[in-house]
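Each remark here refers to the structure printed beneath this line.
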Amino acid sequence: MEYLLWVLIALLAYSFVAPLTSVVMQDVPATPGLFLSTLVFLAIASSVLIVTGGADPSLVVSLEAGYIYIAGAFLTAGILAYTAALETGPVSVVVPIFGMFIVGSSVLGILFLEESMSVTRAAGIGCAVLAIVLTAGES
């Protein structure tokens, strides 16, 4: 259950990203803003790797690293598009639509990672879609 603490920290921290990004995008264009925030991420992640002793250079060329590079490419495309959306659209609409990645990831996990599908999980995915549609809809 240790993962629950980490996911709660992620939830709280990530909740500040969109509003702060939206405010900053009024004065700083999306690409330089994303570049600067990525520099902060790299500095902190590098520090964590060094402090925890997790900086293993052999991981860079391992077979599994290929999946990491592909995931990194998808992450880059997603964050660039998300940042561009926050630059031009309202946070209250952009964030819920972006939140559909949760449904997409869940479905991909079920289809390709052999994770179980139950009636409860299917209902949850359906409710998530409905919640996002209702939240992002214009009133």
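Going by UniProt numbering, the first residue of the sequence shown is number 1, and it counts up by one from there. Even glycine gets a Cβ: it sits at the ideal position worked out from N, Cα and C.
- C127 is the residue among V119, C127, V61 whose C-alpha sits nearest the C-alpha of I102.
- Straight through space, the alpha carbons of D27 and F35 are spaced by roughly 15 Å.
- Nearest Cα to F41 within the set V119, G124, Y14, L63: Y14.
- Fully contained in the region 2 to 77 are the following alpha helix (DSSP H) runs of length 4 or more, in chain order: 2 to 15, 17 to 24, 30 to 52.
- Only residues of its own chain outside the window of five on either side were considered, and among them A18 have a CB closer than 7 Å to the CB of V95, listed in chain order.
- A straight-line Cα-Cα distance of about 7 Å links I132 and M100.
- DSSP places L134 in the uninterrupted alpha helix (DSSP H) bounded by 119 to 136.
- In the structure shown, G99 falls within a coil segment according to DSSP collapsed to helix, strand and coil.
- In terms of CA proximity to V93, G137 leads the group G137, V119, T52.
- Less than 8 Å divides the Cβ of I125 from the Cβ of S106.
- DSSP, reduced to helix, strand and coil, places S116 outside both helices and strands of the structure shown, so it counts as coil.
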